[in-house]
Amino acid sequence: MTESVVWLTIFVLSVFVGVEVISKVSTTLHTPLMSGANAIHGIILVGAILVTGTSDSTGATVVGLVAVVLATVNMVGGFVVTDRMLQMFAGRRKPAPPPTGGDA
Amino acid sequence: MIPTEVQLGYLVAAVCFILALKGLSSPRTARRGNLIGALGAVLACVIVFFERDLDHLVPILGAVVIGAVAGVIGARRVQMTQMPQLVALFNGVGGGAAALVALLELHDLTRLGDSAERFALAATAFTIVVGAVSFSGSLVTFAKLQEIMTTRPVIFRGLPVAFGGSLVAALALSVLVVLDPLVILGVVIGLTGLALGVLLVLPVGGADVPIVISLLNAFTGISVAAGGYVLDNTLLLVGGTLVGASGTFLTKLMATAMGRSLANTLFGALKGGSTLGGGEISNRPVRSGGPQDVAILLAYASRVIVVPGYGLAVAQAQHALRELVDLLGERGIDVDYAIHPVAGRMPGHMNVLLAEAQVPYEQLKEMDDVNGDFKRADVVLVVGANDVVNPAAKSTPCAPIYGMPILRADEAKQIVFMKRSMRPGFAGIENELLYDPKTTLLFGDAKDSMSKLLNAVKAL
Chain A
876 MTESVVWLTI
886 FVLSVFVGVE
896 VISKVSTTLH
906 TPLMSGANAI
916 HGIILVGAIL
926 VTGTSDSTGA
936 TVVGLVAVVL
946 ATVNMVGGFV
956 VTDRMLQMFA
966 GRRKPAPPPT
976 GGDA
Chain B
21 MIPTEVQLGY
31 LVAAVCFILA
41 LKGLSSPRTA
51 RRGNLIGALG
61 AVLACVIVFF
71 ERDLDHLVPI
81 LGAVVIGAVA
91 GVIGARRVQM
101 TQMPQLVALF
111 NGVGGGAAAL
121 VALLELHDLT
131 RLGDSAERFA
141 LAATAFTIVV
151 GAVSFSGSLV
161 TFAKLQEIMT
171 TRPVIFRGLP
181 VAFGGSLVAA
191 LALSVLVVLD
201 PLVILGVVIG
211 LTGLALGVLL
221 VLPVGGADVP
231 IVISLLNAFT
241 GISVAAGGYV
251 LDNTLLLVGG
261 TLVGASGTFL
271 TKLMATAMGR
281 SLANTLFGAL
291 KGGSTLGGGE
301 ISNRPVRSGG
311 PQDVAILLAY
321 ASRVIVVPGY
331 GLAVAQAQHA
341 LRELVDLLGE
351 RGIDVDYAIH
361 PVAGRMPGHM
371 NVLLAEAQVP
381 YEQLKEMDDV
391 NGDFKRADVV
401 LVVGANDVVN
411 PAAKSTPCAP
421 IYGMPILRAD
431 EAKQIVFMKR
441 SMRPGFAGIE
451 NELLYDPKTT
461 LLFGDAKDSM
471 SKLLNAVKAL
């Protein structure tokens, strides 16, 4: 029983941390934040690798491999697209360049 | 037993995720935050191979490579305008992966027979349902955003009954699987979950889809957390819960920014036809003008506010717009961009799109800061936006966007709409402001019109 309580404790604390860390986010960052959080749940990849690596029938292995592909797409794609978005935010923080390119 | 080193590695990865979310909520640290999250994820994916003896290593690594290549190509190739649907897609496949993992875990649990822990079985059923809902729901949001299907709410007579029925069926099946663990029951639960996801998203109107993406994102997080319990993996529990909790909170923030309640977003359309917009195009007269007319309006203004919308980005006219704004600025005209919180297709989407065109940050004004300025503006230039300046949000209680805070463009002395056609906006309703005597319409592709306008201003 004690072990279940440990799990419950981790769960409850994580809920509070999850809400607390993003409570001050500005609307500007809603989209990247959603995308970044989206990438984090791609961590199901760890679970997919575990179940596939311990599978003992061909059917189970195939299903597991499909899960691995899907989870990797979620995780890798999620982090890369978030970075692409944020790269643009980073670019405009520098002082505005003199409008040399704009007078063609 | 999981080796202590591996457990500690998972702890490090979990801390990385917390730092990632923390970093992502501030502009200065956002990019670094995302990188920290990615590092944590990579670390976890390496140490998982030391957790226990795993077979099928080569196929697993092959699958990882395939997934990584597909993910990178998708993320690199996508145009920024299409990013919301890509996020939906990534979220959906994550949910699908969680459901499949739980299904396989159920397969293992069935062999334990009666000694299988009841709570673990319940958590497995939960993961399958929620993961499947997220998968199919995200695919429907993808189809809506990509405009493969209609963006308007889809409702049919039996929808509430079908939804309620599927929900009850999912619950009943979950109870059954706890009492009698069978893989086939898990498959049926998954199928029920898929149906639930579709039924959940169908009645949601186009403008509300971003809120639903965020909600489904939280769903996937929760299902990953439950999967972590089943697999005895603390990292999945922590990571999934973090996303579930922050995603739920973010969903609430987004709904507030759009002036909607979550319940209204999801089920508003079910209450009756009244929340559906008119959608038809009326034949009332409008005043349209040419680029020269608009150029003169702009050149003699002293204060101009630009309201950019999704149409601007679709036409890739943001660079031409920046040139125009720079040119007006050189002539001593005071120009700002008014950014509605949900301009584009998601909260913050327009900021991303304009940042791509290197519009200086100082010129972007958030709605609350700029709304008082419209009264003093000589010209408001609305480019490819519609719903965010639609006064129906204030005046027409039956409009689907009623209650959404809008940019008060109607208070300006002159309003110029650059539009492709009289087609209504994403919310599917007509905009009274188009028929206002102060309004001039400049029809045409935004990029084409914008360069004509630019030349016309230069020629003055």
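If you read the sequences in order, they're chains A and B.
The opening position of the first sequence corresponds to residue 876 in my numbering, with each subsequent residue numbered one higher.
The opening position of the second sequence corresponds to residue 21 in my numbering, with each subsequent residue numbered one higher.
Every residue gets a Cβ at the ideal spot worked out from N, C-alpha and C, and that includes glycine.
Predicted model only: the values in this text are computed from it and were never measured.
**Prompt:** In whole angstroms, what is the alpha-carbon distance linking S154 of chain B and F437 of chain B?
**Reply:** 38 Å
**Request:** Could you work out which residues of chain A lie near K42 of chain B, taking near to mean beta carbons separated by less than 7 Å?
**Result:** V896
**Asked** What's the call for F176 of chain B, buried or exposed, on a 16-neighbour Cβ count within 10 Å?
**Response** exposed
**Prompt:** Taking only runs of the alpha helix (DSSP H) that begin and end inside the stretch 172–227 of chain B, which ones reach a length of at least 4 residues, in chain order?
**Reply:** 179–199 and 203–221
**Message:** From the DSSP secondary-structure annotation, give me the bridge partner or partners of R323 of chain B.
**Reply:** B:D354
**Asked** Counting Cβ pairs, one atom from each stretch, are 3 or more of them under 8 Å apart for the stretch 929–945 of chain A and the stretch 329–349 of chain B?
**Response** no
**Message:** Please state whether the Cβ-Cβ distance between A117 of chain B and V250 of chain B is less than 8 Å.
**Reply:** no
**Prompt:** Is F886 of chain A close to chain B, meaning its C-beta is less than 8 Å from at least one C-beta of that chain?
**Reply:** yes
**Message:** At the level of alpha carbons, what is the spacing between T240 of chain B and G114 of chain B?
**Reply:** 7 Å
**Message:** Count Cβ pairs between the stretch 943–951 of chain A and the stretch 36–45 of chain B that sit closer than 8 Å; are there 3 or more?
**Reply:** no
**Request:** Give the DSSP-derived three-state secondary structure of G293 of chain B in the structure shown.
**Result:** Annotation note: pLDDT 41 at G293 of chain B (below 50); position unreliable, coordinate value reported separately. If DSSP states are grouped into helix, strand and coil, G293 of chain B belongs with the helices.
**Request:** Measuring alpha carbon to alpha carbon, tell me which of B:K439, B:G445, B:A413 and B:T460 ends up nearest K433 of chain B.
**Result:** B:T460
**Item:** Within chain B, partners of V956 of chain A - CB distance below 9 Å
**Value:** G91, G94, A95, R96, V98, M103, L106, V107 and F110
**Request:** Step through the CB atoms of chain A and report whether any lies within less than 8 Å of the CB of N406 of chain B.
**Result:** no
**Prompt:** Taking the alpha-carbon positions, what's the A375 of chain B to L257 of chain B distance?
**Reply:** 36 Å
**Rounded C-alpha distance that separates H905 of chain A from M366 of chain B** = 8 Å
**Prompt:** DSSP three-state call for Q99 of chain B: helix, strand or coil?
**Reply:** coil
**Request:** Please classify G404 of chain B: is it buried, with 16 or more other beta-carbons within 10 angstroms of its beta-carbon, or exposed?
**Result:** buried
**Message:** Can you look up V379 of chain B in the DSSP assignment and give me helix, strand or coil?
**Reply:** coil
**Item:** Beta-carbon proximity of P417 of chain B to E452 of chain B, cut-off 8 Å
**Value:** no
**Asked** How should A479 of chain B be labelled, buried or exposed, when 16 other C-beta atoms within 10 angstroms of its C-beta is the threshold for buried?
**Response** exposed
**Request:** Check the Cβ of V943 of chain A against every Cβ in chain B and list those closer than 7 Å, keeping chain order.
**Result:** I80, A83, V84 and G87
**Request:** Round the Cβ separation of G934 of chain A and F110 of chain B to the nearest angstrom and send it over; I've been treating them as touching at under 8 Å.
**Result:** The Cβ separation is near 27 Å, so there is no contact.
**Status (buried if at least 16 other CB within 10 Å, exposed otherwise) for V390 of chain B** = buried
**Sequence-distant residues of its chain with Cβ nearer than 7 Å to A476 of chain B (five each side left out)** = P311, Q312 and A315
**Request:** Determine the chain A residues that contact G464 of chain B at a beta-carbon separation under 7 Å, and present them in chain order.
**Result:** Near G464 of chain B there are no residues of chain A at all, since even the closest Cβ is about 21 Å away, more than 7 Å.
**Prompt:** CB-CB under 7 Å to V229 of chain B, same chain, minus the five flanking residues each way: which ones, in chain order?
**Reply:** T161, K164 and L165
**Message:** Along the chain, where does the alpha helix (DSSP H) containing L55 of chain B start, and where does it finish?
**Reply:** A50 to I67
**Message:** Quick check on V890 of chain A - is its C-beta less than 8 Å from some C-beta in chain B?
**Reply:** yes
**Message:** Taking 8 Å as the threshold (C-beta atoms), are P361 of chain B and T902 of chain A in contact?
**Reply:** yes
**Request:** Taking the CB atoms as reference points, tell me whether I209 of chain B and A108 of chain B lie closer together than 8 Å.
**Result:** no
**Prompt:** Is the Cβ-Cβ distance between P328 of chain B and A277 of chain B less than 8 Å?
**Reply:** no
**Request:** Give a yes or no on contact between the stretch 28–36 of chain B and the stretch 891–902 of chain A, applying the rule of three or more CB pairs nearer than 8 Å.
**Result:** no
**Asked** T933 of chain A versus chain B: which residues are under 8 Å apart at the beta carbon?
**Response** Chain B residues near T933 of chain A: none, gap ~10 Å exceeds 8 Å.
**Request:** Go through its chain and collect everything with a Cβ distance to R72 of chain B's Cβ below 8 Å, but skip five positions before and after it.
**Result:** I22
**Request:** Taking all protein chains shown into account, decide if S186 of chain B is buried (16 or more other Cβ within 10 angstroms of its Cβ) or exposed.
**Result:** buried
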